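For the numbering used here, count along the sequence shown from 1 and bump the result up by 808.
Cβ atoms here follow ideal geometry from the backbone N, Cα and C, with glycine treated the same way.
Predicted, not measured: the structure shown is a model, and the values here were computed from it.
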Amino acid sequence: MDHYLDIRIHPDPEFSVPQLMNVLFAKLHLTLVDLQSTDIGISFPEVNDKKPSLGQRLRLHAHAGRLRTVVSHPHLESLRDHLEIAGPTPVPAQTQYRTVSRVQSDSNPERLRRRLIRRQNLSEAEARARIPDSAAKTLALPYLQLRSQSTGQHFRLFIQHGELQTSPVDGVFNSYGLSQQATIPWF
809 MDHYLDIRIH PDPEFSVPQL MNVLFAKLHL TLVDLQSTDI GISFPEVNDK KPSLGQRLRL
869 HAHAGRLRTV VSHPHLESLR DHLEIAGPTP VPAQTQYRTV SRVQSDSNPE RLRRRLIRRQ
929 NLSEAEARAR IPDSAAKTLA LPYLQLRSQS TGQHFRLFIQ HGELQTSPVD GVFNSYGLSQ
989 QATIPWF
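Right, dumping it as C-alpha coordinates:
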(Lines of atoms letter the chains of each structure in order from A; the text may use other names.)
(Lines give C-alpha, C1' and ligand atoms only; values in the text may rest on other atoms or scores of the structure.)
Protein backbone atom coordinates (compact mmCIF):
# COMPACT_ATOMS: atom_id res chain seq x y z
CA MET A 809 0.00 0.00 0.00
CA ASP A 810 2.49 2.55 -1.21
CA HIS A 811 0.21 4.98 -3.08
CA TYR A 812 -3.00 6.86 -2.52
CA LEU A 813 -5.55 8.63 -4.67
CA ASP A 814 -7.79 11.47 -3.51
CA ILE A 815 -11.31 11.89 -4.83
CA ARG A 816 -12.83 15.26 -3.98
CA ILE A 817 -16.53 15.89 -4.49
CA HIS A 818 -17.47 19.18 -6.15
CA PRO A 819 -20.44 20.85 -4.47
CA ASP A 820 -23.49 20.88 -6.72
CA PRO A 821 -26.67 23.00 -6.49
CA GLU A 822 -28.86 19.94 -7.14
CA PHE A 823 -27.13 17.37 -4.89
CA SER A 824 -25.62 17.76 -1.45
CA VAL A 825 -22.09 16.56 -0.69
CA PRO A 826 -23.39 13.70 1.52
CA GLN A 827 -25.72 12.54 -1.29
CA LEU A 828 -22.84 12.52 -3.78
CA MET A 829 -20.57 10.77 -1.25
CA ASN A 830 -23.23 8.06 -0.82
CA VAL A 831 -23.39 7.53 -4.58
CA LEU A 832 -19.60 7.58 -4.96
CA PHE A 833 -19.15 5.05 -2.16
CA ALA A 834 -21.85 2.75 -3.59
CA LYS A 835 -20.15 2.82 -6.99
CA LEU A 836 -16.74 2.19 -5.45
CA HIS A 837 -18.23 -0.76 -3.57
CA LEU A 838 -19.53 -2.23 -6.86
CA THR A 839 -16.12 -1.66 -8.43
CA LEU A 840 -14.30 -3.40 -5.57
CA VAL A 841 -16.75 -6.33 -5.85
CA ASP A 842 -16.13 -6.55 -9.62
CA LEU A 843 -12.36 -6.50 -9.06
CA GLN A 844 -12.63 -9.03 -6.19
CA SER A 845 -10.43 -6.64 -4.27
CA THR A 846 -8.97 -7.32 -0.83
CA ASP A 847 -5.99 -4.98 -1.23
CA ILE A 848 -7.66 -1.57 -1.58
CA GLY A 849 -8.44 0.50 1.51
CA ILE A 850 -10.62 3.57 1.85
CA SER A 851 -10.39 6.48 4.27
CA PHE A 852 -12.00 9.88 4.72
CA PRO A 853 -9.26 12.49 5.43
CA GLU A 854 -11.77 15.23 6.31
CA VAL A 855 -13.72 13.09 8.80
CA ASN A 856 -15.25 14.98 11.71
CA ASP A 857 -16.55 12.70 14.46
CA LYS A 858 -17.96 15.62 16.45
CA LYS A 859 -20.26 16.84 13.67
CA PRO A 860 -20.45 13.83 12.50
CA SER A 861 -19.37 14.16 8.86
CA LEU A 862 -17.15 12.28 6.41
CA GLY A 863 -16.25 15.48 4.54
CA GLN A 864 -15.85 16.09 0.80
CA ARG A 865 -12.85 13.85 0.20
CA LEU A 866 -12.48 10.09 -0.07
CA ARG A 867 -9.01 8.55 -0.26
CA LEU A 868 -8.15 5.19 -1.81
CA HIS A 869 -5.01 3.34 -0.65
CA ALA A 870 -3.24 0.62 -2.68
CA HIS A 871 -0.46 0.10 -5.20
CA ALA A 872 -0.48 2.62 -8.08
CA GLY A 873 -1.60 0.11 -10.73
CA ARG A 874 -4.59 -1.01 -8.66
CA LEU A 875 -5.63 2.62 -8.09
CA ARG A 876 -5.51 3.33 -11.82
CA THR A 877 -7.68 0.25 -12.41
CA VAL A 878 -10.28 1.47 -9.92
CA VAL A 879 -10.61 5.02 -11.30
CA SER A 880 -10.83 3.79 -14.89
CA HIS A 881 -13.66 1.37 -14.05
CA PRO A 882 -16.98 2.06 -15.84
CA HIS A 883 -18.98 2.31 -12.59
CA LEU A 884 -17.49 5.75 -11.93
CA GLU A 885 -18.23 7.25 -15.36
CA SER A 886 -21.59 8.79 -14.43
CA LEU A 887 -20.01 10.73 -11.55
CA ARG A 888 -16.99 12.21 -13.36
CA ASP A 889 -18.55 15.69 -13.60
CA HIS A 890 -18.90 15.82 -9.81
CA LEU A 891 -15.40 14.59 -8.94
CA GLU A 892 -11.83 15.82 -8.90
CA ILE A 893 -9.42 12.88 -8.91
CA ALA A 894 -5.79 13.45 -7.92
CA GLY A 895 -3.15 10.74 -8.03
CA PRO A 896 -1.98 8.08 -7.67
CA THR A 897 0.63 9.70 -5.46
CA PRO A 898 3.29 8.00 -3.30
CA VAL A 899 2.48 7.89 0.42
CA PRO A 900 4.69 10.34 2.37
CA ALA A 901 7.69 8.77 4.12
CA GLN A 902 6.69 10.04 7.56
CA THR A 903 3.17 8.87 8.26
CA GLN A 904 1.00 7.27 10.88
CA TYR A 905 -1.51 4.46 10.39
CA ARG A 906 -5.04 3.64 11.45
CA THR A 907 -7.87 1.28 10.75
CA VAL A 908 -11.03 2.43 9.04
CA SER A 909 -13.86 0.06 9.80
CA ARG A 910 -17.59 -0.47 9.79
CA VAL A 911 -19.41 -0.32 13.12
CA GLN A 912 -22.80 -1.97 13.43
CA SER A 913 -25.27 -1.17 16.17
CA ASP A 914 -27.03 -4.07 17.86
CA SER A 915 -29.96 -1.82 18.65
CA ASN A 916 -32.02 -1.89 15.45
CA PRO A 917 -35.46 -2.72 16.90
CA GLU A 918 -36.77 -4.28 13.69
CA ARG A 919 -33.79 -6.63 13.40
CA LEU A 920 -33.98 -7.50 17.11
CA ARG A 921 -37.71 -8.29 16.77
CA ARG A 922 -37.09 -10.57 13.76
CA ARG A 923 -34.44 -12.41 15.76
CA LEU A 924 -36.81 -12.73 18.74
CA ILE A 925 -39.61 -14.08 16.50
CA ARG A 926 -37.23 -16.62 14.98
CA ARG A 927 -35.65 -17.78 18.23
CA GLN A 928 -38.62 -17.74 20.59
CA ASN A 929 -41.45 -18.43 18.13
CA LEU A 930 -43.33 -15.24 19.07
CA SER A 931 -45.89 -13.36 17.03
CA GLU A 932 -44.95 -9.98 15.57
CA ALA A 933 -47.23 -8.22 18.09
CA GLU A 934 -45.57 -10.01 21.02
CA ALA A 935 -42.12 -9.13 19.72
CA ARG A 936 -43.16 -5.49 19.23
CA ALA A 937 -44.45 -5.37 22.82
CA ARG A 938 -41.11 -6.67 24.11
CA ILE A 939 -38.96 -4.48 21.87
CA PRO A 940 -40.66 -1.15 21.08
CA ASP A 941 -39.37 1.29 18.47
CA SER A 942 -38.19 3.50 21.34
CA ALA A 943 -35.47 0.91 22.02
CA ALA A 944 -33.54 2.22 19.01
CA LYS A 945 -30.12 3.70 19.73
CA THR A 946 -28.15 5.59 17.16
CA LEU A 947 -24.40 5.69 16.93
CA ALA A 948 -22.69 9.08 17.10
CA LEU A 949 -20.43 8.25 14.15
CA PRO A 950 -20.39 9.53 10.57
CA TYR A 951 -22.18 7.24 8.15
CA LEU A 952 -23.06 6.59 4.54
CA GLN A 953 -26.65 5.93 3.48
CA LEU A 954 -26.60 2.93 1.12
CA ARG A 955 -29.04 0.51 -0.47
CA SER A 956 -28.58 -3.23 -0.26
CA GLN A 957 -28.24 -4.83 -3.71
CA SER A 958 -29.72 -8.08 -2.39
CA THR A 959 -32.73 -6.83 -0.39
CA GLY A 960 -33.24 -3.32 -1.76
CA GLN A 961 -33.42 -1.95 1.79
CA HIS A 962 -31.66 1.26 2.77
CA PHE A 963 -29.17 1.08 5.61
CA ARG A 964 -26.58 3.23 7.33
CA LEU A 965 -22.98 2.12 7.12
CA PHE A 966 -21.32 3.72 10.15
CA ILE A 967 -17.60 4.47 9.69
CA GLN A 968 -15.05 4.52 12.50
CA HIS A 969 -11.47 5.73 12.12
CA GLY A 970 -9.36 3.87 14.69
CA GLU A 971 -6.61 5.17 16.94
CA LEU A 972 -3.40 6.40 15.32
CA GLN A 973 -0.55 3.86 15.25
CA THR A 974 3.15 4.21 14.47
CA SER A 975 3.48 1.10 12.29
CA PRO A 976 1.27 -0.52 9.64
CA VAL A 977 -0.70 -3.72 10.14
CA ASP A 978 -1.14 -5.97 7.10
CA GLY A 979 -4.46 -7.60 6.37
CA VAL A 980 -7.34 -7.70 3.95
CA PHE A 981 -10.01 -5.14 3.17
CA ASN A 982 -13.62 -6.04 2.52
CA SER A 983 -15.66 -5.04 -0.52
CA TYR A 984 -16.26 -1.64 1.08
CA GLY A 985 -12.50 -1.03 1.38
CA LEU A 986 -12.77 -1.28 5.18
CA SER A 987 -11.01 -3.52 7.68
CA GLN A 988 -11.10 -4.22 11.41
CA GLN A 989 -7.36 -5.10 11.42
CA ALA A 990 -5.54 -3.80 8.33
CA THR A 991 -4.37 -0.20 8.53
CA ILE A 992 -4.16 2.55 5.94
CA PRO A 993 -1.56 5.35 5.95
CA TRP A 994 -2.91 8.46 7.69
CA PHE A 995 -1.40 11.86 6.93
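What is the residue span of the beta strand (DSSP E) that residue i lies within?
| i | result |
| --- | --- |
| R888 | Note, R888: premise wrong, no beta strand (DSSP E); not H, not E. |
| G849 | G849 to S851 |
| S909 | V908 to V911 |
| F966 | H962 to H969 |
| L986 | From DSSP, L986 is part of no beta strand (DSSP E); its letter is neither H nor E. |
Quick one, are the C-beta atoms of residue i and residue j less than 9 Å apart?
| i | j | result |
| --- | --- | --- |
| H811 | P896 | yes |
| R906 | Q989 | no |
| L891 | R816 | yes |
| L952 | V911 | no |
| V977 | T991 | yes |
| L954 | F966 | no |
| V980 | D847 | yes |
| L818 | D889 | Strictly speaking, residue 818 in this sequence is His, with Leu absent from that position. Yes, the pair counts as a contact, with Cβ atoms nearer than the cut-off. |
Under DSSP, the alpha helix (DSSP H) around residue i begins and ends at which residues?
| i | result |
| --- | --- |
| P826 | V825 to D842 |
| P917 | P917 to Q928 |
| V879 | A872 to V879 |
| T935 | With the sequence shown as reference, residue 935 is identified as Ala, and Thr is not the correct amino acid for it. E932 to R938 is the extent of the alpha helix (DSSP H) around A935. |
Measure the alpha-carbon distance for residue i versus residue j and round it to whole angstroms.
| i | j | result |
| --- | --- | --- |
| T877 | S913 | 34 Å |
| F852 | M809 | 16 Å |
| L930 | A943 | 18 Å |
| L875 | P882 | 14 Å |
| I925 | P898 | 52 Å |
| V879 | S909 | 22 Å |
| A773 | D842 | Because residue 773 is not part of the residues shown, which for the chain are 809 to 995, the question remains open. |
| A894 | D814 | 5 Å |
| Q844 | Q928 | 38 Å |
| R919 | E932 | 12 Å |
| M829 | P860 | 14 Å |
| W994 | E934 | 48 Å |
| Q854 | G970 | One point to set straight first is that residue 854 is Glu, not Gln, in the sequence displayed. Roughly 14 Å separates the two Cα atoms. |
| P950 | S886 | 25 Å |
Look up residue i in the DSSP assignment and give the residues it is bridged to.
| i | result |
| --- | --- |
| L866 | I815 |
| N856 | S861 |
| T1026 | This structure leaves residue 1026 out entirely; the chain is present only between 809 and 995. |
| L952 | L965 |
| Q957 | Paired residue(s): none; Q957 is not in a bridge. |
| P993 | Y905 |
Can you tell me whether residue i sits near the ligand GDP, meaning its C-beta is under 8 Å from at least one heavy atom of the ligand?
| i | result |
| --- | --- |
| R816 | Absence of the ligand GDP is noted for the structure shown, with no ligands found whatsoever. |
> Looking at C-beta atoms only, is the number of pairs between the region 822-840 and the region 860-869 that lie closer than 8 Å three or more?
Replying inline: Proximity of the region 822-840 to the region 860-869 meets the contact definition, three or more beta-carbon pairs being nearer than 8 Å.
>> Would the region 828-848 count as touching the region 977-994 if we require 3 or more Cβ pairs under 8 Å?
In response: Using a Cβ-Cβ distance cut-off of 8 Å, the region 828-848 and the region 977-994 are in contact, since at least three pairs of beta carbons, one from each stretch, lie closer than that value.
> Using 8 Å as the threshold, is the region 866-877 in touch with the region 927-941, meaning 3 or more CB pairs across them?
Replying inline: Three or more beta-carbon pairs separated by less than 8 Å are not found between the region 866-877 and the region 927-941, which leaves the two stretches without contact.
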